[in-house]
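Here's the structure we're looking at; comments come further down.
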Amino acid sequence: MNGSRVNPNATKDIFQDYDIVNLVTDVEPFKDENYILSHFGETIIIQKPEDNIYPPPVGDGRYNYLMQLVDGNRIDLSFFNINRIDELRKDSLTEVLLDKDHIIPNLLDPSESSYLIKQPTEKLFNDCCDEFIFGLGSHIPKTIWRKELPLLKTYIDVVLRKP
235 MNGSRVNPNA TKDIFQDYDI VNLVTDVEPF KDENYILSHF GETIIIQKPE DNIYPPPVGD
295 GRYNYLMQLV DGNRIDLSFF NINRIDELRK DSLTEVLLDK DHIIPNLLDP SESSYLIKQP
355 TEKLFNDCCD EFIFGLGSHI PKTIWRKELP LLKTYIDVVL RKP
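Dropping the structure here:
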């Protein structure tokens, strides 16, 4: 499990969902909604991001069910291929609930360490400044002049706001 429920510093409230990650040898069988959803109770709404056109799916082989249950619980249920096990180490808010095959590496206790802002390298800082200034000085004025509002929105969202 990962996310706020394993974060020792998170404020506990009724809106916390359960972020459950399952590592499996084959993701395909878990795309069977009838099999999966029958184990969790009555749902109000289900979203399956990897089946969506918009927003576009991540496309990395995962499969997710985002479920709002009638009882008030929210579950984000994810299935990843076991060959991505090393990615567990990247998310410091991960806690192993069950490892029936004893293959998951020992993880540190959950912490916010991978979510803390880190000082950028000089190159990254300079590249971000260049992108911002070029976008602000070239792309954005051009799209305003041409009244290309959808493209302007894209530039603002992508060039000025991307991390």
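Oh and the sequence shown: position 95 is 329 in our numbering, straight run, nothing missing.
Idealized CB from N, CA, C, for every residue including glycine.
- CA-CA distance, L383 to E284, rounds to 29 Å.
- For the 8 Å CB-CB criterion, L303 and Q281 do not form a contact.
- For N256, the uninterrupted beta strand (DSSP E) run begins and ends at Y252 to V258, by DSSP.
- By the criterion of a C-beta distance shorter than 7 Å, F274 is surrounded in its chain by M301, L303 and I309, once the five residues flanking it on both sides are discounted.
- Uninterrupted beta strand (DSSP E) stretches at least 3 residues long and entirely within the segment 265-324 occur at 277-281, 297-303 and 308-315, given in chain order.
- Out of L271, S238, Q250 and F368, the CA that lies nearest to the CA of G306 is found in Q250.
- Bridge partners of N236 according to DSSP: D253 and T328.
- The closest CA to that of L322, considering only L332, G237, L331 and L341, is found on L341.
- L327 places its beta carbon less than 8 Å from that of V240.
- For P375, the enclosing alpha helix (DSSP H) stretches over residues I374 to W379.
- In the DSSP annotation of this structure, the continuous segment of the alpha helix (DSSP H) that includes T388 starts and ends at L383 to Y389.
- Annotation for N360: the continuous alpha helix (DSSP H) segment containing it runs E356 to F368.
- By the Cβ rule, the segment 288-297 counts as touching the segment 311-319, because three or more pairs are nearer than 8 Å.
- Annotated three-state conformation of P344 is coil, per DSSP.
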